[in-house]
Amino acid sequence: MPDPQWPSVARTAWLAGVVMGYGLVLVIAVLYLGDALVLGVTAAVAPTMALLAYPNRPGLLLPAGAVAIASLYLMSIYGLPMVVIGLIWLWVHQKVVGSAPSGASRALVVGVVLWLAAPTVMNLHQDPVCEQTLRDGTVQEVDPATRGYSTGWVWDVDSSSFSGSGTAAGDIVSESCSSDSFVWWENAGLVAIAVASVYLSWRLTKPIDFTVQQKPAALV
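In our numbering, each residue carries its 1-based index in the sequence shown increased by 13.
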């Protein structure tokens, strides 16, 4: 049964934001299958926080909204719809929580800092890769060092982050290089930090007993 202390319009807005948030995660996964783990997990943090906010932990909507808005910085074009979704959750938070103590401020700081740290992990170590595509469709790897790319921590390598491709003669149809590919331990680190962002935000927020709290501010 819906919690009667959540105004119906706030519940509708909250649910719409959750659906749109996970819908965006699905779009990213479909369009970028190779990087789906990296982009998908990063994008899923905010809607997961918002999902866990219902029915009695609406304080989670504050870090959820802040993380969604911060997506504009890290997720390029996908950050634009996340900003709209984040504003929806911040509005719902204000209407449902009001002045009730919820621990949302601490969750806001921890959640956003960890969320920003998650994709940063991907760039700390340079893992270059170069591949050539032959006329028969075969894809073979080329030593990145021969193309000027170095493996190592970002502060120890000279090459800057770059992705490029080109054509070559003979049986080689094309060649592409990236100065930083995603490796399993970086993916694992990103997932762990993203999960920690959600979990710690959940722990820092307090469930609200609406039976002893004042009703939320009336919607205008």
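Note that beta-carbon positions come from the ideal geometry of N, C-alpha and C, so glycine has one too.
Computed from a predicted structure; not experimentally measured.
Measuring alpha carbon to alpha carbon, tell me which residue in the options is nearest residue i.
{"i": "Met-95", "options": "Gln-107, Asp-184, Val-110, Gly-78", "result": "Gly-78"}
{"i": "Val-196", "options": "Leu-100, Pro-60, Val-97, Gln-139", "result": "Gln-139"}
{"i": "Asp-184", "options": "Val-105, Trp-27, Val-152, Thr-164", "result": "Val-152"}
{"i": "Ala-83", "options": "Lys-219, Val-125, Leu-44", "result": "Val-125"}
{"i": "Ala-81", "options": "Pro-68, Leu-100, Asn-69", "result": "Leu-100"}
{"i": "Val-105", "options": "Asp-149, Val-211, Trp-27", "result": "Trp-27"}
{"i": "Ser-191", "options": "Gly-34, Pro-157, Arg-148", "result": "Pro-157"}
By how many angstroms is the C-alpha of residue j removed from the C-alpha of residue i?
{"i": "Leu-37", "j": "Leu-52", "result": "11 Å"}
{"i": "Val-122", "j": "Ser-187", "result": "46 Å"}
{"i": "Ser-118", "j": "Glu-199", "result": "29 Å"}
{"i": "Ser-174", "j": "Thr-159", "result": "Because the pLDDT of Ser-174 is 49, which lies under 50, any placement of that residue in the model is unreliable, and the number read from its coordinates should be weighed accordingly. So the alpha carbons of these two residues sit roughly 16 Å apart."}
{"i": "Gly-161", "j": "Thr-25", "result": "54 Å"}
{"i": "Asn-136", "j": "Ala-42", "result": "20 Å"}
{"i": "Ile-98", "j": "Pro-60", "result": "9 Å"}
{"i": "Pro-71", "j": "Cys-143", "result": "47 Å"}
{"i": "Glu-154", "j": "Leu-44", "result": "24 Å"}
{"i": "Gly-116", "j": "Pro-20", "result": "21 Å"}
{"i": "Pro-141", "j": "Ser-163", "result": "7 Å"}
Among residues of its own chain, excluding the 5 on either side of residue i, which ones have a beta-carbon nearer than 7 Å to its beta-carbon?
{"i": "Gly-202", "result": "Val-134"}
{"i": "Leu-93", "result": "Leu-85"}
{"i": "Ile-90", "result": "none"}
{"i": "Ala-120", "result": "Gly-72, Leu-73, Leu-75, Pro-76, Ser-214, Leu-217, Thr-218"}
Where DSSP assigns a beta bridge to residue i, which residues make up the other side?
{"i": "Ser-187", "result": "Thr-146"}
{"i": "Glu-154", "result": "Glu-144"}
Leaving out the 5 sequence neighbours to the left and right, which residues in its chain are closer than 6 Å to residue i when beta-carbon positions are compared?
{"i": "Ile-206", "result": "Leu-127, Ala-130, Ala-131"}
{"i": "Ala-66", "result": "Leu-73, Leu-74"}
{"i": "Leu-213", "result": "Val-123"}
{"i": "Trp-251", "result": "This structure gives no information on residue 251, because the portion of the chain shown stretches from 14 to 233."}
{"i": "Ala-209", "result": "Leu-127"}
{"i": "Gln-145", "result": "Gln-153, Val-155, Ile-185, Glu-188"}
{"i": "Val-109", "result": "Trp-19, Ala-23, Pro-71, Pro-229"}
Verify the contact flag: residue i, CB atom, against every heavy atom of the ligand NAD, threshold strictly below 6 Å.
{"i": "Leu-100", "result": "Questions concerning the ligand NAD fall outside what the structure shown contains, since it holds no ligand whatsoever."}
Which residues in the same chain as residue i place their Cβ atom closer than 8 Å to its Cβ, once the five residues preceding and following it in sequence are excluded?
{"i": "Asn-69", "result": "Asp-16, Pro-220, Ile-221, Asp-222, Phe-223"}
Indicate whether the contact test is met: 3 or more Cβ pairs, each with one atom in the stretch 54-67 and one in the stretch 18-38, closer than 8 Å. yes
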